Structure formats: C-alpha cells, structure tokens
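Note that UniProt numbering has the sequence shown beginning at 1, numbered continuously upward. We treat Cβ as the ideally placed atom computed from N, Cα and C, and that holds for glycine. Every value quoted in this text rests on a predicted model; they were computed, and no experiment measured them. A short write-up of the structure that comes next.
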Amino acid sequence: MLLLDAAFQVDANPLPNAAVVAQAAEAIGFAALWAPETAHNPFLALAVAAEHTRQLTLGTAVAIAFPRSPMVTAQIAWDLAGFSGGRFVLGLGTQVKAHIERRFSSVWDAPVGRLRDYIGALRAIWQCWQTGGKLDYRGQYYQHTLMTPFFNPGPIAHPNIPIYIAGVNTGLAHLAGEVCDGFHAHPLNSARYLRDVLRPQIAQGAAAAGRDPAACAIAGSALVITGNDQAERERMRAFARQQIAFYASTPTYRAVLACHGWEEVGEALSRLAAQQRWAEMPSLIDETMLATFAVEADPADLPAALRERYEGLLDRVALYLPFVPGERDAFWRHLTSSLNG
C-alpha cells in the first residue's frame, strides 16, 4: 500500500494558517501532514494542527537534530505526542556541515554515529519519563545522567514516539534500518536508487540489529508533472528541471546521479552553481533525467503512475507540491481517494 501525505509550504510561515491547513488536509483524506524546518520552526505549527485534527498523523520532515540537545528535542516531542494522542512522528535530519557549523554554530562530527547516539539518548530520556526509572545514558557524544521529579513531565498514553530520519546516502539508510521507525528519502530519488541502494542498506541495517526491515517505513517526496492543459504541464516541467538541477549540483547528492552514470552532469552543474549561473543549469537536465526523477501523467492517471513508480519501494509519498486549501482541491481528493481510500 502506498499512502499519500501532505506537506506545509516550505517557503511560507505555516503557523498563521496551521489550523486551516491541518483541518483541510484531514478532510481531504491525507494520511499525514509534515512540517519542514527551513525558514520556520517545524514544531509550532504541528501543535496547532494537533489541536484542530483528530486522526491525521503529524510529523516533522525534518527537524535538524544537532543544534538541539537531545533533552530539548525529547521534551518537545513528548509534549506533542501527548497532546496529539499519539499522532506525532519525530522526523530528524543531520543537515550538512556548512549549515551545522556556520548557520547553527553547532558541532559537525561523524554525523551517522552522532545521530545514532542522539536517538539512543532520546529513547533513554523517554523511558525515564514513562517509567520513573533513573536516567543514566552515557553515549559517545551525549550523556544524560540527571533527572529530578521537578523536571520530569511524567508518563503519557502513547510513549513510543516513532522516529524517522532523512538521508540520501547509505550510512543514514543503514542507520534507519538499525534503530528507526522510518526513513525519509530525499526528493532527488529514482526507482533505481530506491531499489538498488537505499532499500538494501535499510535491510542490511535491520539485519545487523536483528530487526524486520518492514519495521522501518520508507517515505519520500515525488516530483510530478501534471496539469489540465499543456501550458500548466510545461510550467511544471520547467519547475521540475530547475529543482533537479539545483539538487544535482550539490556534491552530497552525487551518489544518486552515480547510480545512473550521470556523474559528469553533476560536476557540470556544480561548476555552474559555483559561478552563480543558475539560469543555465536546467538545460543540462535532458528528457531521460527528467523522466527518471519526476513522475509525469494526466491528473486522472497520476495515482496509477505513482503506484507504478513507487509501490513496493515507498510506504508513503508526498508530492513535491505544497498542499494549499482551496487550490487543486479536486485534484487532491482524487489522489487521496485513489491511494488512501
């Protein structure tokens, strides 16, 4: 089964309209609503969304882990899990070195190992709060050994908060299989990369930890090209080319291109980006690359096209297209009734 999720707009503050968006997302039939951490805090809008919905899963996709102490993140997640009646999913990301060090003024060091330790610390803190036992977590990067009754929020009805992590490369996929409830695949994904690289790594991580790989759900974003007329479809094709070029210019994501033998395209895109020649970059994304990274179909045929591309590879998918109530409502209802109904 392939569930369809929604996401807040990444380029707008979700907080003022969080209640309206969440209620509309639930009414239309989305399985989950995700909040990103880009220019705005991802947790605040979800608190509002939790108050105004009853069934919708709510999660961060993703919150940046390392600038926050595990104790800070544990407390936010605990409150949201309790307030939402167990509907909250904590999605965590590592970001990249430049942003962690220069934007957040935090520590970048062995991100896979540090994130593993971070997750261990979260679960130790939550166990302490749920059971009243002693907090004695001593990891390589994080140590939490003090919890007095005054600072203990106490047990909640749904203490097993799902943890998803986001990633592109194999180390984080392996970690997700080891210790996580889910993995957010990057929007620059392909069926081949999911099938041949990410899913095997998740399975290997699960096997190393003695877990069932199915215990780690895989979520992803899908670039789509659709529309009721040719002009709309051409606008979406141009947007998809632009996004693919932007992501493919980043060396961190080069492994996805390498899976298809397109390393030289990535290097050329990186050179253009370094020279700030942004307008020239989309022209390097040919028709084959566009079809590989974006799903193109008429609106009526899009559910079938998404299933053909992602069923058996993803458990849940959100379109790389913000959900805005009042815009494309019939389109969204058709998708949710076809995929989630």
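Tell me whether A12 sits in a helix, a strand or coil according to DSSP, three-state version.
Of the three classes helix, strand and coil, the one that applies to A12 here is coil, per DSSP.
For A268, which residues in the same chain have their Cβ closer than 8 Å to its Cβ, ignoring the five residues on either side in sequence?
Once the five neighbours on either side are set aside, the close Cβ partners of A268 are L284.
For L335, the nearest candidate out of N13, W129, L306 (CA to CA)
The option with the nearest alpha carbon to L335 is L306.
To the nearest whole angstrom, what separates the beta carbons of A35 and L3, a pair I think is in contact under 8 Å?
Contact check for A35 and L3: beta-carbon distance about 17 Å, past the 8 Å limit, so the pair fails to qualify.
Could you say which of Q140, G139, A258, T148 lies nearest to G133 if we only look at CA atoms?
Of the residues Q140, G139, A258, T148, the one whose Cα lies closest to the Cα of G133 is T148.
For G182, count the other beta carbons within 10 Å of its own beta carbon; 16 or more makes it buried, fewer makes it exposed. Which is it?
That one is buried.
DSSP-derived helix/strand/coil call for Q276
DSSP places Q276 in the coil class of the three-state scheme, outside both helix and strand.
Using the beta-carbon count (16 or more within 10 Å), is R102 buried or exposed?
By the 16-neighbour rule on beta-carbons within 10 angstroms, R102 is exposed.
Give the range of the beta strand (DSSP E) segment to which D5 is assigned.
Its beta strand (DSSP E) spans residues 3-7.
Under 7 Å between the Cβ atoms of P213 and I202?
Result yes, Cβ atoms of P213 and I202 sit closer than 7 Å.
Relative to the C-alpha of V72, which candidate in L90, A274, W278 has its C-alpha closest?
Comparing alpha-carbon positions, the option among L90, A274, W278 lying closest to V72 turns out to be L90.
So A18 and V48 are supposed to be a Cβ contact under 8 Å. How far apart are they, rounded?
Confirmed, about 4 Å.
Residue 342 versus A74: straight-line alpha-carbon distance, rounded:
This structure cannot settle anything about residue 342, because the visible part of the chain is limited to 1 through 341.
Stretch-stretch touch, CB-based, cutoff 8 Å, three pairs: the region 43-63 with the region 81-98
Result yes; three or more Cβ-Cβ pairs closer than 8 Å.
For V194 and F151, what's the separation of their Cα atoms in angstroms?
Sequence inspection shows Leu at residue 194; the Val mentioned does not correspond to that position. When only Cα atoms are considered, L194 and F151 end up about 43 Å apart.
What does S221 pair with, by DSSP beta-bridge criteria?
Note: S221 sits in a beta bridge opposite A318.
7 Å Cβ cutoff met for L122 and C128
No; because the gap between Cβ atoms is not below 7 Å, this pair is not in contact.
Residue range of the beta strand (DSSP E) that includes H260
Counting along the chain, H260 falls outside any beta strand (DSSP E), and DSSP gives it neither H nor E.
How do the region 271-279 and the region 308-324 stand: do at least 3 beta-carbon pairs fall below 8 Å, yes or no?
Under the Cβ criterion (8 Å, minimum of three pairs), the region 271-279 does not count as touching the region 308-324.
Mind checking M289: buried by the 16 CB within 10 Å criterion, or exposed?
Result: buried.
Take the Cβ of H144 as the centre, count every other Cβ of all protein chains shown within 10 Å, and call the residue buried at 16 or more, exposed below.
Only buried fits H144, as 16 or more other CB atoms lie within 10 angstroms of its CB.
On the DSSP bridge list, what partners appear for V48?
In the DSSP output, where bridge partners are listed per residue, V48 has none listed.
Whole runs of the beta strand (DSSP E) within the region 143-223, excluding any shorter than 3 residues
Qualifying beta strand (DSSP E) stretches, in chain order: 163-167, 182-185.
Would you kindly work out how many angstroms separate the C-alpha atoms of T250 and V21, rounded to a whole number?
Using only the alpha carbons, I get a separation of about 32 Å.
Whole-angstrom distance between R138 and R68, CA atom to CA atom
For R68 and R138, the distance between alpha carbons rounds to 18 Å.
Does the separation of the CB atoms of A50 and F83 fall below 7 Å?
Against a cut-off of 7 Å, the Cβ pair of F83 and A50 comes out as a contact.
Rounded to a whole number of angstroms, what is the C-alpha to C-alpha distance between G261 and D286?
For G261 and D286, the distance between alpha carbons rounds to 14 Å.
Which of helix, strand or coil DSSP assigns to T226
Here DSSP, grouped into helix, strand and coil, assigns T226 to coil.
Cut-off 7 Å between Cβ atoms - residues of its own chain near A297, not counting five sequence neighbours on either side
Same-chain partners within the cutoff: T226, A305.
N- and C-terminal bounds of the beta strand (DSSP E) containing T60
57-60 is the span of the beta strand (DSSP E), which, as asked, contains T60.
On the DSSP bridge assignment, give the partners of I64 in chain order.
DSSP, once it has assigned bridges, lists G93 as partnering I64.
In three-state DSSP terms, what is L313?
Looking at L313 - three-state DSSP - the assignment turns out to be coil, as it is neither helix nor strand.
Rounded to whole angstroms, what is the Cα-Cα separation between Y118 and A207?
Taking C-alpha positions only, Y118 is separated from A207 by approximately 21 Å.
Where do the ends of the alpha helix (DSSP H) carrying L115 lie?
Per DSSP, the unbroken alpha helix (DSSP H) holding L115 starts and ends at 111-131.
Selected residue, minimal CA-CA separation from I163, among R211, P42, C216
Relative to I163, the option among R211, P42, C216 whose CA is nearest is C216.
In the DSSP assignment, the alpha helix (DSSP H) including W78 goes from what residue to what residue?
Residues 70-83.
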